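Student: Sequential numbering of the sequence shown, starting at 34, is according to the working numbering. Ideal placement from N, C-alpha and C gives every residue a C-beta, glycine not left out. None of the values given here were measured: they were computed from a predicted structure.
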Amino acid sequence: MKDKANNQAKIDHMLFWPPLLVIVLLCAFIVLNPESGNNVVNSVFAVVTGKLGWTYEIFVLANIGLILYFIFGKYAKKRFGDEKPEFSTLTWLGMLFTAGTTGTIFFWATIEFYYFLSGPPFGLEPFSPEAWDWSMAYSLFNWGIGGYGLYVAIGVVFGYFFFVQKKEVFRPSTACETFLGKHASGAVGKVIDIFYMIGVIAGVSTSIGLGTPIISELITKMSGIQHTLGLDAAIIIIWTIIFTVSVYSGLEKGIAFLSNVRVYLGYGLLIFIILVGPTTFMLNNFFDALGISMNNFMRMSLYTDAHLQTGFPQGWTIFFYAWFMSFALSTGMYLARISKGRTVREFALGATFSGVLSAYLYFAVLGNYSIQVFNEKVIDVTQIFNDYGAQRAVVEIWNTLPLSIIILPIFMILIFISTANVINSVAYTLAMVSSKELKSGEEPGKLSRIVWAVILGCLSLTLMFLGGLKPLQTSATAGSFPTMIIMGLIFYGFLKEPNQWD
């Protein structure tokens, strides 16, 4: 036990305390001044998405261009190291397939169509035939190559660092050494890492903030316990306790086991819904929406709504880009880590389309089942949505499935496990970044990992305290902007020396 304790890296106080204090002060300000907090949230969201939103759209298109360059350019046949692939192709594709989705996919796949139907783009009339055309098409666009591609291009760069340069990269500043030199380990590098940490915290808080109320609604539906902020807090506390126990009792294998359970349960549930649901409608509407999305890709990619100013692209396209971007560095690292021995072309194609196909499967099944429930007026989705909120509407839609007495607990287990795994992995990542000289075989300190798990929970709960979707959207967008700058710097450093992989 003593050896294991000694095999933990010490905390880097310059990276541990600044982001920690920023989050603590932010939470305290919002709780003590909720009205001012809401005003700040609205102002930040307006500035980032309104005045700077176009930068996200340009960056995403440039990122797609970089992916195409990696697929067809001179790097295409370069390999991530000389070793053989660590995993078989089928296993590797399966890992990629499940890497980019969290428990919130169940929420968005079920209810996103209604947001777009009731508040459509391009100034269309809500619930009109034209709004129907775009309702599923916009979901496929938001969860398509633009979003998932943000993990891929940066993953290629990390793959180069891991397996060609043999670097142990766990901080963004390390990836900037090419052009920062010694400054990467100095004050400039610290600032880069701090901004990265704040971005990750903001992004994962959005995931927790969306997932927690759904679990509360499921508990309410199954037990009759009233959904309150206290119930949400209790769920987050339970997640934190589970994480604390796993850190001190060595239950990481148990969490990995639960992750596998999530995969089998998740896709088993989708197969069940395909069998009992409107299968023909699911396929027809999916491909119809896919055609609309592909035909209008550039229009949707550069849509800013400068004239009508409805806020649609800011509240949705730019929000989703920002949310994906907040996870881009950590997810890119993970995708690269499991891709040893693969060529750049294999990685770029596999990582891009496995993530997109995974998301599309959820939307094709859950989204179209929900649309059918709405169309056939099985329940009054509009009234439930307006009176009780999106999370209640999602649970009521799930409750219309056959064997709902079994299906609802399965949904709760899936979302609970998915979110617990997100907290676990992100807390571990933050602890790694805030460790001093983490060497091979060392782990970040247990206390550090627990502190970050608690901070993630506190920020999520604070954002839920403000109420509504806007605080969660603001968290993702505001936190992702510095991440976008860091990604740009890493790409610049990688491309600065064009012969480095020769």
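#1: Measuring alpha carbon to alpha carbon, tell me which residue in 142, 107 and 269 is nearest residue 174.
#2: Please give the ranges of any alpha helix (DSSP H) in the region 443 to 499, keeping only runs that are unbroken, at least 4 residues long and fully inside the region.
#3: Sort 310, 45 and 168 by Cα distance to residue 398 and report the nearest one.
#4: Smallest Cα separation from residue 368: which of 49, 195, 99 and 95?
#5: Work out the CA separation of residue 335 and residue 87 for me, nearest whole Å.
#6: Among 77, 219 and 234, which one has its Cα closest to the Cα of residue 56?
#7: Taking the alpha carbon of residue 166 as the point to measure from, which residue in 218, 274, 321 and 186 has its own alpha carbon closest?
#8: Rounded to whole angstroms, what's the CA-CA distance from residue 313 to residue 396? Just pull it up for me.
#9: Quick one, are the C-beta atoms of residue 240 and residue 452 less than 8 Å apart?
#10: Mapping DSSP to helix, strand and coil, what is residue 135?
#11: How many whole angstroms separate the CB atoms of residue 374 and residue 118, which I take to be in contact at a CB cut-off of 8 Å?
#12: Tell me residue 370's beta-bridge partners as DSSP assigns them.
#13: Where does residue 428 land, buried or exposed, given buried means 16+ other C-beta within 10 angstroms?
#14: So is residue 46 buried or exposed if we call it buried at 16+ other beta carbons inside 10 Å?
#15: Reducing DSSP to helix, strand and coil, say where residue 405 ends up.
#16: Under a three-way DSSP split, which group does residue 524 fall into?
#17: Pick helix, strand or coil for residue 424, following the three-state DSSP scheme.
#18: CA-CA distance, residue 299 and residue 514?
#19: Would you say the beta carbon of residue 86 comes nearer than 7 Å to a heavy atom of the ligand FAD?
#20: What does DSSP give as the partner residues of residue 44 in its beta bridges?
#21: Could you tell me if residue 145 is buried or exposed, where buried requires 16 or more neighbouring beta carbons within 10 angstroms of its beta carbon?
#22: Check each candidate in 250, 278, 255 and 271 and name the one with the smallest Cα separation from residue 261.
#23: Taking contact to mean at least 3 C-beta pairs separated by less than 8 Å, is the region 342 to 362 in contact with the region 175 to 189?
#24: Assuming residue 63 and residue 495 are in contact, meaning their beta carbons sit under 8 Å apart, how far apart are those beta carbons, in whole angstroms?
#25: Start and end of the alpha helix (DSSP H) containing residue 250?
#26: Would you list the residues sitting across from residue 376 in a DSSP beta bridge?
#27: Do three or more CB pairs link the region 152 to 171 to the region 339 to 349 at distances below 8 Å?
#28: Considering Cα atoms alone, identify which of 208, 466 and 365 is closest to residue 526.
#29: Output the boundary residues of the alpha helix (DSSP H) element that contains residue 314.
#30: Give the single residue among 466, 71 and 176 whose Cα lies nearest to the Cα of residue 201.
#31: Can you tell me which of 270, 192 and 227 puts its alpha carbon nearest to the alpha carbon of residue 116?
#32: Spatial neighbours of residue 276 within its chain, please: C-beta separation below 8 Å, excluding the five flanking residues on both sides.
#33: Quick one: grab the DSSP three-state call for residue 161.
#34: Given a cut-off of 8 Å, decide if residue 387 and residue 129 are closer than it, judged by their beta-carbon atoms.
#35: Could you give the residue range of the alpha helix (DSSP H) that holds residue 69?
#36: Helix, strand or coil: how does DSSP classify residue 98 here?
Tutor: Straight from the coordinates:
#1: 142
#2: 479 to 499
#3: 310
#4: 195
#5: 8 Å
#6: 234
#7: 321
#8: 15 Å
#9: yes
#10: coil
#11: 4 Å
#12: Looking at the DSSP assignment, residue 370 forms no beta bridge with any residue, so it has no partner.
#13: buried
#14: exposed
#15: helix
#16: helix
#17: helix
#18: 32 Å
#19: Ligands are entirely absent from the displayed structure, and the ligand FAD is therefore not among its contents.
#20: 468
#21: buried
#22: 250
#23: yes
#24: 5 Å
#25: 220 to 256
#26: 112
#27: yes
#28: 208
#29: 312 to 328
#30: 466
#31: 192
#32: 453, 456, 457, 460, 482, 483 and 486
#33: coil
#34: yes
#35: 67 to 78
#36: helix
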